[in-house]
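Peer 1:
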Amino acid sequence: MTSSAYAHADLYAEVQHFYARQMQLLDARKLEGYADTFTEDAEFGHTPGREPARTRAGILRDLHEVHKRFDEDPQQRRHVFTMVDIDPDADGTIRSTCYALVLTTRPGSGPELVRNCVVHDVLVREEGELRNRSRHVEHD
Amino acid sequence: MTSSAYAHADLYAEVQHFYARQMQLLDARKLEGYADTFTEDAEFGHTPGREPARTRAGILRDLHEVHKRFDEDPQQRRHVFTMVDIDPDADGTIRSTCYALVLTTRPGSGPELVRNCVVHDVLVREEGELRNRSRHVEHD
Amino acid sequence: MTSSAYAHADLYAEVQHFYARQMQLLDARKLEGYADTFTEDAEFGHTPGREPARTRAGILRDLHEVHKRFDEDPQQRRHVFTMVDIDPDADGTIRSTCYALVLTTRPGSGPELVRNCVVHDVLVREEGELRNRSRHVEHD
Numbered sequence: 108m109t110s111s112a113y114a115h116a117d118l119y120a121e122v123q124h125f126y127a128r129q130m131q132l133l134d135a136r137k138l139e140g141y142a143d144t145f146t147e148d149a150e151f152g153h154t155p156g157r158e159p160a161r162t163r164a165g166i167l168r169d170l171h172e173v174h175k176r177f178d179e180d181p182q183q184r185r186h187v188f189t190m191v192d193i194d195p196d197a198d199g200t201i202r203s204t205c206y207a208l209v210l211t212t213r214p215g216s217g218p219e220l221v222r223n224c225v226v227h228d229v230l231v232r233e234e235g236e237l238r239n240r241s242r243h244v245e246h247d
Numbered sequence: 108m109t110s111s112a113y114a115h116a117d118l119y120a121e122v123q124h125f126y127a128r129q130m131q132l133l134d135a136r137k138l139e140g141y142a143d144t145f146t147e148d149a150e151f152g153h154t155p156g157r158e159p160a161r162t163r164a165g166i167l168r169d170l171h172e173v174h175k176r177f178d179e180d181p182q183q184r185r186h187v188f189t190m191v192d193i194d195p196d197a198d199g200t201i202r203s204t205c206y207a208l209v210l211t212t213r214p215g216s217g218p219e220l221v222r223n224c225v226v227h228d229v230l231v232r233e234e235g236e237l238r239n240r241s242r243h244v245e246h247d
Numbered sequence: 108m109t110s111s112a113y114a115h116a117d118l119y120a121e122v123q124h125f126y127a128r129q130m131q132l133l134d135a136r137k138l139e140g141y142a143d144t145f146t147e148d149a150e151f152g153h154t155p156g157r158e159p160a161r162t163r164a165g166i167l168r169d170l171h172e173v174h175k176r177f178d179e180d181p182q183q184r185r186h187v188f189t190m191v192d193i194d195p196d197a198d199g200t201i202r203s204t205c206y207a208l209v210l211t212t213r214p215g216s217g218p219e220l221v222r223n224c225v226v227h228d229v230l231v232r233e234e235g236e237l238r239n240r241s242r243h244v245e246h247d
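Protein chains in written order, with the working numbering: chain D, 108 to 247; chain G, 108 to 247; chain U, 108 to 247.
#1: Does the beta-carbon distance from A149 (chain G) to S241 (chain G) come in below 8 Å?
#2: Using C-beta distances below 8 Å, list every residue in its chain close to S110 (chain G), excluding the 5 sequence neighbours before and after it, in chain order.
#3: For R202 (chain U) and Q131 (chain D), what's the separation of their Cα atoms in angstroms?
#4: Does M190 (chain D) have its Cβ less than 8 Å from a Cβ in chain G?
#5: Given that A120 (chain D) touches chain U, what residues does it touch there, using C-beta distances under 9 Å?
#6: Going along the region 207–225 of chain D in order, which residues come within less than 9 Å of chain G, judged by CB to CB distance?
#7: Give me the Cα-Cα distance between M108 (chain D) and V122 (chain G), rounded to the nearest whole angstrom.
#8: Where in the region 149–183 of chain G do unbroken runs of the alpha helix (DSSP H), each at least 4 residues long, occur, reported from the N-terminal end onward?
#9: Any beta-carbon of chain D closer than 8 Å to the one on D247 (chain U)?
#10: For Q182 (chain U), which residues from the same chain have a beta carbon less than 7 Å from its beta carbon, with the 5 sequence-adjacent residues on both sides left out?
#11: Among the residues of its own chain, which have a CB less than 6 Å from the CB of D228 (chain D), if the five just before and after it don't count?
#12: First and last residue of the beta strand (DSSP E) that includes A207 (chain U)?
#13: With a threshold of 8 Å between beta carbons, is S110 (chain U) in contact with chain G?
#14: Could you tell me which residues DSSP puts in a beta bridge with L220 (chain U)?
#15: Just to confirm, is the Cβ distance from P218 (chain D) to R222 (chain U) under 8 Å?
#16: Am I right that H186 (chain D) and L133 (chain D) are in contact with their C-beta atoms under 8 Å? What's the rounded C-beta distance?
#17: Give the straight-line distance between the Cα atoms of E234 (chain D) and L118 (chain D), rounded to the nearest whole angstrom.
#18: Cβ of T154 (chain D) less than 8 Å from any chain G Cβ?
#19: Please report the distance separating the alpha-carbon of P155 (chain G) from that of F151 (chain D).
#20: Return the bridge partner residues of T189 (chain G) from the DSSP annotation.
#21: Shorter than 8 Å from the beta carbon of D238 (chain U) to some beta carbon of chain G?
#22: Would V231 (chain U) and Y126 (chain U) qualify as a contact pair, given that the criterion is a beta-carbon distance under 8 Å?
#23: Mapping the DSSP letters down to three states, classify T109 (chain G) as helix, strand or coil.
#24: So for V229 (chain D), helix, strand or coil by DSSP?
#25: What does the alpha-carbon distance come out to for the pair V67 (chain D) and A116 (chain G)?
#26: Using a cut-off of 8 Å between C-beta atoms, extract the partners of R128 (chain D) located in chain U.
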């Protein structure tokens with residue numbers, strides 16, 4: 108195996124780990140922490156037909172807006188990212204395409220599978236940390 | 108950690124990445140692309156009680172046959188491979204056992220969990236790329 | 108990327124692989140094998156409100172107790188660990204937090220999503236192998 112294969116494998120684990128931390132923040136409703144995993148100028152389109160949120164501040168506003176509906180319909184959501192396919196560019200940008208299962212559990216009920224999605228990310232490295240420059244989510 | 112532990116970890120990420128690309132091809136119904144992830148002489152048994160498909164050409168024929176039913180019952184299927192357990196042989200062959208969740212979404216409906224499977228793979232390396240020499244799927 | 112980043116990535120793959128083997132043992136009802144993935148003095152709390160099992164022998168007794176109910180209600184259970192977030196200490200101890208989906212399939216039925224959990228593990232290395240010093244499971 109070449110040294111480039113080694114580097115690729117390390118990056119693969121790093122992206123998986125990034126997703127784990129990122130989505131655990133969202134599911135814990137640490138919305139500021141989740142917004143911080145995006146770059147300052149990022150674009151985040153999570154719902155087809157809805158204008159993507161732009162800039163980290165805009166993403167945070169949008170997250171608060173979207174999460175309002177859970178005030179009246181309390182539930183524990185879980186985002187499970189799997190089948191991660193990464194494609195790193197020579198300039199360090201990483202295109203990543205993965206599946207996201209959205210699950211939820213309401214008080215007194217069993218878990219429910221809400222949605223299957225395909226996530227299209229562009230990841231960049233800032234001060235050693237991965238961040239989303241963009242995320243676009245397709246719903247099945 | 109020994110250098111063999113390092114190599115093992117790299118292989119682990121490589122197998123996960125291989126599965127992500129392989130199953131995204133199938134779910135996008137790129138059947139030729141999916142068949143190309145098998146060796147020329149591969150065997151693929153995806154349904155208990157049904158004779159396994161043999162050779163890459165035979166696997167492709169079988170895939171077209173199996174996918175016909177989706178013409179009349181359109182749906183977006185997703186294969187989620189998880190809990191990957193690999194066991195590499197000294198000769199470079201890799202036995203891999205993992206879980207596969209099969210999910211589907213029909214137009215206008217929510218997602219559905221169709222089946223839990225255990226996948227038994229034998230993977231080999233051809234010109235630097237992993238390929239399935241065999242795949243046998245058990246259904247729960 | 109620093110050499111510490113490399114080591115982190117290797118550990119990440121190792122933990123994922125450990126979970127795959129560990130939970131495949133449990134789902135195959137190899138209860139002794141599963142109990143052996145815990146340290147001799149481990150603590151395992153799998154059900155909120157139930158006293159955690161303590162020591163490997165105590166964990167094994169508890170596993171046999173818990174699995175009795177499946178004698179009268181046969182089913183193939185699957186534990187899918189995803190979104191693994193690890194946090195290694197300087198002393199080699201690893202805190203790991205991940206999601207667990209519990210799925211089951213009863214004879215003649217389709218698969219069912221039983222529960223979403225968050226797993227809080229403390230992993231240690233014994234004779235080169237990872238083991239759970241503790242596991243505490245929260246249910247959504």
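For every residue, glycine included, the Cβ atom is placed at its ideal position computed from N, Cα and C.
Peer 2: So, from the listed chains and residues:
#1: By one-based count along the second sequence, residue 149 (chain G) stands at place 42. By one-based count along the second sequence, residue 241 (chain G) stands at place 134. Yes, the pair counts as a contact, with Cβ atoms nearer than the cut-off.
#2: Here residue 110 (chain G) is taken as the residue at index 3 of the second sequence, counted from 1. Confidence in S110 (chain G) is poor, its pLDDT being 48 and thus under 50, which makes the residue's placement too unreliable to answer from.
#3: Along the third sequence, one-based indexing puts residue 202 (chain U) at 95. Along the first sequence, one-based indexing puts residue 131 (chain D) at 24. The straight-line gap from Cα to Cα measures roughly 15 Å.
#4: For the purposes of this step, residue 190 (chain D) is taken as residue 83 along the first sequence, with counting starting at 1. M190 (chain D) counts as touching chain G.
#5: Along the first sequence, read from residue 1 onward, the residue named residue 120 (chain D) stands at position 13. Going along chain U in sequence order, the residues near A120 (chain D) (Cβ under 9 Å) are H115, A116, D117, L118, Y119, A120, Q123.
#6: L208, V209, E219, L220, V221, R222, N223, V225
#7: Along the first sequence, read from residue 1 onward, the residue named residue 108 (chain D) stands at position 1. Along the second sequence, read from residue 1 onward, the residue named residue 122 (chain G) stands at position 15. Note that M108 (chain D) scores a pLDDT of 40, beneath 50, so its modelled location is shaky and nothing firm can be said.
#8: 163–174
#9: Taking the first residue of the third sequence as position 1, residue 247 (chain U) is located at position 140. Yes, contact with chain D.
#10: In the third sequence, the residue the question calls residue 182 (chain U) occupies position 75. T211, T212, R213.
#11: Stepping through the first sequence from its first residue, residue 228 (chain D) is reached at position 121. Cβ neighbours of D228 (chain D) beyond the five flanking positions: S203, N239, R242.
#12: Your numbering for residue 207 (chain U) matches position 100 in the third sequence. Here the beta strand (DSSP E) through A207 (chain U) covers 201–212.
#13: Mapped onto the third sequence, residue 110 (chain U) falls at position 3. Below a pLDDT of 50, predicted positions are generally treated as unreliable, and S110 (chain U), at 48, falls in that range; the measurement from the model is reported next regardless. Not one chain G Cβ lies under 8 Å of S110 (chain U).
#14: The count along the third sequence starts at 1 and reaches residue 220 (chain U) at position 113. Answer is U:L210.
#15: As a working mapping, residue 218 (chain D) is identified with position 111 in the first sequence. As a working mapping, residue 222 (chain U) is identified with position 115 in the third sequence. For P218 (chain D) and R222 (chain U), yes; Cβs fall inside 8 Å.
#16: For this step, residue 186 (chain D) is matched to residue 79 along the first sequence. For this step, residue 133 (chain D) is matched to residue 26 along the first sequence. So it is a contact: roughly 6 Å between Cβ atoms.
#17: Here residue 234 (chain D) is taken as the residue at index 127 of the first sequence, counted from 1. Here residue 118 (chain D) is taken as the residue at index 11 of the first sequence, counted from 1. Using only the alpha carbons, I get a separation of about 16 Å.
#18: Counting from 1 along the first sequence, the entry for residue 154 (chain D) is found at position 47. So, not an interface residue.
#19: Along the second sequence, read from residue 1 onward, the residue named residue 155 (chain G) stands at position 48. Along the first sequence, read from residue 1 onward, the residue named residue 151 (chain D) stands at position 44. Their Cα atoms are separated by approximately 43 Å.
#20: For the purposes of this step, residue 189 (chain G) is taken as the residue at position 82 of the second sequence. Paired residues: G:Y206.
#21: Residue numbering aside, residue 238 (chain U) sits at position 131 when the third sequence is read from its first letter. What sits at residue 238 (chain U) in the sequence shown is Arg, not Asp. False, the Cβ-Cβ gap to chain G never drops below 8 Å.
#22: Locating residue 231 (chain U) in the third sequence gives position 124, where the first residue counts as 1. Locating residue 126 (chain U) in the third sequence gives position 19, where the first residue counts as 1. Going by C-beta atoms, V231 (chain U) is not nearer than 8 Å to Y126 (chain U).
#23: On the second sequence, residue 109 (chain G) is found 2 positions in, with the first residue counted as 1. For T109 (chain G), the predicted structure reports a pLDDT of 44, less than 50, and the residue's modelled location is therefore unreliable. A value from the coordinates is still provided. T109 (chain G): coil per DSSP, three-state reduction.
#24: Taking the first residue of the first sequence as 1, we reach residue 229 (chain D) at position 122. If DSSP states are grouped into helix, strand and coil, V229 (chain D) belongs with the strands.
#25: No statement about residue 67 (chain D) is possible, as the shown extent of chain D runs from 108 to 247 and does not include it.
#26: Position 21 of the first sequence, counted from the start, is the residue given in the question as residue 128 (chain D). Per Cβ cutoff of 8 Å: D192.
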